[in-house]
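Novice: I have a structure I would like to understand better, so I am pasting it below and will then ask my questions one at a time.
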Amino acid sequence: MNNELTVAEKQKIIAQTPAAADLAAGRETVWVNPKRRPFAEAKERLSLSQADIDDAEACLRRFAPFIRRRFPETEALGGIIESPLTPIPRMRGFLNERYGAGLTGRLLLKQDSHLAVSGSVKARGGIYEVLRHTETLARAGGLLQDDYTVFDTPASRRFFSRYAIQVGSTGNLGLSIGIISAALGYRVPIHMSADARAWKKDLLRARGAQVIEYASDYSRAVQEGRRLSQQDPDSYFVDDENSETLFLGYATAAGRLKRQLGETPVDAAHPLIVYLPCGVGGAPGGITFGLRHAFGDSVYCVFCEPVQAPCMLLGMATGLHNAVCVQDIGLTGRTAADGLAVGRPSGFVGRTVEELAAGIVTVQDDKLFDWMRGLWETEGIFIEPSACAAFQGAVQLRRMAAALGIRAEQLADATHIAWATGGSMVPDAEREAFLRTA
Ligand SMILES: *Cc1c(COP(=O)(O)O)cnc(C)c1O
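This is how it looks when you write it as structure tokens:
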């Protein structure tokens, strides 16, 4: 329906959206979602449920023996790809002193930057989608056994070499899909946008994926990948813009986080506030969907986007979702946060989180580098520029708290989580260059 709007109608809607002028001017913006609802009500309108998340979790568990064998770095967690949750009190001090964040309570870092296999948040979602599809093919092909280490045999790889898995990516989704798919024996054409870093393409080629490069942006890489995949009956396309499977894979993070939080109180008096870097929306959206199921109204999920690529904010604030893109308001979509360099949001995600997300903030690129250095110097942890966008949520929380209905006394003992979405696979030379970036 939205897709049938004329340019004039679309521009009219944009002009009537209060946040749009600041977005168009490239100014940092703080947007509180007026449609956020009590979870008991919001839940009624969702087409996916906790049962779907449980399903995803169960599939990942079935494959754990295979993952453990094929990726020995997952040995300690028995083949489950999960990341540490780490207190970063010195970084909290840094944000309070240099940026006036005024954060009270605890600040934790969810280190998906250090997820096994592909070093980013995409490991959970992307790998789940490939495994789910693999199970389906294996069942149809009579290959499925109780023992999933069967997938680590030459016969299995030969079986899957007939099939292709394709994806369009700014880099990290390609890495995640490419690495797991190549390990299973698939043919893997990965469609990379212009923003994708050279080392990611090199690494993928080294693992046996075929990298197809586009001079244009991410939406184009997705479009081409989807088109080429449709022409091949043995090809499966991981659709970052529309995939429920990917979304549910991301959502599995929530139940695991709940276990990791252990004794840390999360309830009406002790809110959990989570800051999530956002590109097309799948990762932050899936995690938000999972977190609202896990913590109900005690969790507040804030998405964080670059000032030049605030696609989800634009889509949600206008209600136009994927019918609008950042170029429609004169932005470039270009940012040093390559994982967030997305001009058009996922319509599926925008509609799904419409009543779940707390708000969205945007951030200038230069701050990402400052926070990257700050985290490195105060805590000795390196994360990539895209991941640093999470700290903008923490810095801006005080400007959002009242509108979100969070009172000062609740903030005194709140738990803040900056979701570090990527970084551990960044090569040393690239890391050094990032840390020197002014
Ligand atoms: C992909 C990515 C995100 C955002 O995920 P989306 O699903 O695109 O919204 C954030 N940070 C990093 C490092 C990423 O690779």
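My numbering numbers the first residue of the sequence shown as 14 and each following residue consecutively. The beta-carbon is built from N, C-alpha and C at its ideal position, and this holds for glycine as well.
1. Leaving aside the five residues before and after aspartate 1 along the sequence, list all residues of the same chain whose C-beta is less than 8 Å from its C-beta, in chain order.
2. From what residue to what residue does the alpha helix (DSSP H) around arginine 74 run?
3. Going along the chain, which residues of its own chain have a beta-carbon closer than 6 Å to the beta-carbon of glycine 309, five neighbours each way excluded?
4. From leucine 128 to alanine 425, what does the alpha carbon distance come to, in whole angstroms?
5. For ligand 1, is there a heavy atom less than 8 Å away from the beta-carbon of serine 206?
6. Could you check if serine 399 belongs to the surroundings of ligand 1, using beta carbon to heavy atom distance under 8 Å?
7. Figure out for me which residue from Asp441, Gln409, Phe447 has the closest Cα to the Cα of valine 45.
8. How many Å lie between alanine 34 and glycine 343 at the Cα?
9. For ligand 1, is there any heavy atom lying closer than 8 Å to the beta carbon of phenylalanine 298?
10. Rounded to whole angstroms, what is the Cα-Cα separation between methionine 14 and glutamate 367?
11. What do you get for glutamine 124, buried or exposed, if any count of 16 or more other CB atoms within 10 angstroms of its CB means buried?
12. Tryptophan 432 to glutamine 63, Cα distance in whole Å?
13. For a test of your reading of the model: does the CB of threonine 183 fall under 8 Å from any non-hydrogen atom of ligand 1? Yes or no.
14. Is it buried or exposed, aspartate 230, if we count other Cβ atoms within 10 angstroms and call 16 or more buried?
15. Compute the Euclidean distance between the alpha carbons of glutamate 142 and valine 180, then round it to the nearest angstrom.
16. Apart from the five residues just before and just after alanine 421, which ones in its own chain have a Cβ nearer than 7 Å to its Cβ?
17. How is the alpha helix (DSSP H) around glutamate 257 delimited, first residue to last?
18. Can you check the region 385 to 439 for any alpha helix (DSSP H) of at least 4 residues that lies completely inside it and give the ranges in chain order?
19. Where do the N-terminal and C-terminal ends of the beta strand (DSSP E) with serine 248 fall, by residue?
20. Report whether the distance from the Cβ of leucine 327 to the nearest heavy atom of ligand 1 is below 8 Å.
21. So, is proline 319 buried or exposed, given that buried needs 16 or more other C-beta atoms within 10 angstroms?
22. Anyone know if the C-beta pair for phenylalanine 84 and valine 130 falls short of 9 Å?
23. Out of curiosity, what's the CA-to-CA distance linking glycine 187 and aspartate 208?
24. Mapping the DSSP letters down to three states, classify threonine 375 as helix, strand or coil.
25. State yes or no: is the C-beta of proline 290 nearer than 8 Å to some heavy atom of ligand 1?
26. Does the beta-carbon distance from phenylalanine 260 to glycine 299 come in below 9 Å?
27. Tell me whether the region 289 to 305 and the region 364 to 380 touch, counting them as touching only if at least three CB pairs, one residue from each stretch, are closer than 8 Å.
28. Between serine 174 and methionine 205, what straight-line distance do the alpha-carbon atoms span, to the nearest angstrom?
29. Can you list, in chain order, the residues of its chain with a C-beta nearer than 6 Å to that of histidine 283? Leave out the 5 residues immediately preceding and following it.
30. Under the three-state reduction of DSSP, which class applies to glycine 132: helix, strand or coil?
31. For glycine 118 and threonine 428, I'd like the C-alpha separation in whole angstroms.
32. Counting C-beta neighbours from all protein chains within 10 Å, is the total for leucine 116 16 or more, i.e. buried, or is it exposed?
33. Decide if the region 217 to 237 is in contact with the region 338 to 358; the criterion is three or more beta carbon pairs, one per stretch, under 8 Å apart.
34. Using three-state DSSP, classify alanine 296 as helix, strand or coil.
35. Following a CB-centred definition, is serine 256 positioned closer than 8 Å to any heavy atom of ligand 1?
36. Can you list the beta strand (DSSP E) stretches of 3 or more residues lying completely in the region 201 to 252, in chain order?
Specialist: Let me spell this out:
1. Limits of the chain in this structure are 14 at one end and 451 at the other, which puts residue 1 out of reach.
2. The residue you call residue 74 lines up with position 61 of the sequence shown. Counting along the chain, the unbroken alpha helix (DSSP H) around arginine 74 starts and ends at 63 to 83.
3. Walking along the sequence shown from the start, residue 309 turns up at place 296. Closer than 6 Å at the Cβ level, and outside the excluded window around glycine 309, lie Phe52.
4. Counted from its first residue, the sequence shown places residue 128 at position 115. Counted from its first residue, the sequence shown places residue 425 at position 412. Taking the straight line from one Cα to the other gives about 31 Å.
5. On the sequence shown, position 193 is the one that residue 206 refers to. Checking every heavy atom of ligand 1 against the Cβ of serine 206, none is found closer than 8 Å.
6. What you label residue 399 is simply residue 386 of the sequence shown in a count that begins at 1. Serine 399: yes, Cβ under 8 Å from ligand 1.
7. Counting from one through the sequence shown, the residue named residue 45 turns up at place 32. Residue Gln409 holds the alpha-carbon nearest to the alpha-carbon of valine 45 among Asp441, Gln409, Phe447.
8. Mapped onto the sequence shown, residue 34 falls at position 21. Mapped onto the sequence shown, residue 343 falls at position 330. The straight-line gap from Cα to Cα measures roughly 11 Å.
9. Your numbering for residue 298 matches position 285 in the sequence shown. The sequence as given places glycine at residue 298; phenylalanine does not occur at that position. At least one heavy atom of ligand 1 is nearer than 8 Å to the Cβ of glycine 298, so yes.
10. Taking the sequence shown and counting its residues from 1, the one referred to as residue 14 is at position 1. Taking the sequence shown and counting its residues from 1, the one referred to as residue 367 is at position 354. Note that methionine 14 scores a pLDDT of 49, beneath 50, so its modelled location is shaky; the value from the coordinates is reported in the next line. Their Cα atoms are separated by approximately 17 Å.
11. Taking the first residue of the sequence shown as position 1, residue 124 is located at position 111. Buried is the call here.
12. Residue 432 sits at position 419 when you count from the first residue of the sequence shown. Residue 63 sits at position 50 when you count from the first residue of the sequence shown. In this structure, the alpha-carbon of tryptophan 432 lies about 22 Å from that of glutamine 63.
13. The residue you call residue 183 lines up with position 170 of the sequence shown. Relative to the non-hydrogen atoms of ligand 1, the Cβ of threonine 183 comes within a distance shorter than 8 Å of at least one.
14. Counting from one through the sequence shown, the residue named residue 230 turns up at place 217. Buried, because 16 or more other Cβ atoms sit within 10 Å of the Cβ of aspartate 230.
15. Position 129 of the sequence shown, counted from the first residue, corresponds to residue 142. Position 167 of the sequence shown, counted from the first residue, corresponds to residue 180. Cα-Cα distance, rounded: 11 Å.
16. For this step, residue 421 is matched to residue 408 along the sequence shown. So no residue of the chain qualifies.
17. Indexing the sequence shown from 1 puts residue 257 at position 244. Residues 257 to 264.
18. You should have 398 to 401, 403 to 417, 421 to 424.
19. Taking the first residue of the sequence shown as position 1, residue 248 is located at position 235. In this chain, the beta strand (DSSP E) harbouring serine 248 covers 248 to 251.
20. Numbered from 1 along the sequence shown, position 314 holds the residue referred to as residue 327. Checking every heavy atom of ligand 1 against the Cβ of leucine 327, none is found closer than 8 Å.
21. Position 306 of the sequence shown, counted from the first residue, corresponds to residue 319. Proline 319 is buried by the Cβ-count criterion.
22. The residue given as residue 84 occupies position 71 in the sequence shown. The residue given as residue 130 occupies position 117 in the sequence shown. Contact flag set, yes.
23. Stepping through the sequence shown from its first residue, residue 187 is reached at position 174. Stepping through the sequence shown from its first residue, residue 208 is reached at position 195. Our two residues, glycine 187 and aspartate 208, have alpha carbons roughly 12 Å apart in a direct line.
24. Reading the sequence shown from its first residue, position 362 is the one you call residue 375. In this structure, threonine 375 counts as strand in the three-state DSSP scheme.
25. The sequence position of residue 290 within the sequence shown is 277, counting from 1. Correct: proline 290 has its Cβ closer than 8 Å to ligand 1.
26. Your numbering for residue 260 matches position 247 in the sequence shown. Your numbering for residue 299 matches position 286 in the sequence shown. Contact: yes.
27. Yes, since at least three Cβ pairs between the region 289 to 305 and the region 364 to 380 fall closer than 8 Å, the two stretches touch.
28. Taking the first residue of the sequence shown as position 1, residue 174 is located at position 161. Taking the first residue of the sequence shown as position 1, residue 205 is located at position 192. Straight across, the Cα-Cα distance linking serine 174 with methionine 205 is about 22 Å.
29. Locating residue 283 in the sequence shown gives position 270, counting from the first residue. Contacts found: Asp426.
30. Counting from 1 along the sequence shown, the entry for residue 132 is found at position 119. Note: glycine 132 maps to coil in three-state DSSP.
31. The count along the sequence shown starts at 1 and reaches residue 118 at position 105. The count along the sequence shown starts at 1 and reaches residue 428 at position 415. Taking the straight line from one Cα to the other gives about 6 Å.
32. As a working mapping, residue 116 is identified with position 103 in the sequence shown. It counts as buried.
33. Touching, yes, given that three or more Cβ pairs across the two stretches are closer than 8 Å.
34. Here residue 296 is taken as the residue at index 283 of the sequence shown, counted from 1. In the structure shown, alanine 296 falls within a helical segment according to DSSP collapsed to helix, strand and coil.
35. Walking along the sequence shown from the start, residue 256 turns up at place 243. No, ligand 1 has no heavy atom inside 8 Å of this Cβ.
36. Segments of the beta strand (DSSP E) lying fully in the region 201 to 252: 202 to 205, 223 to 226, 248 to 251.
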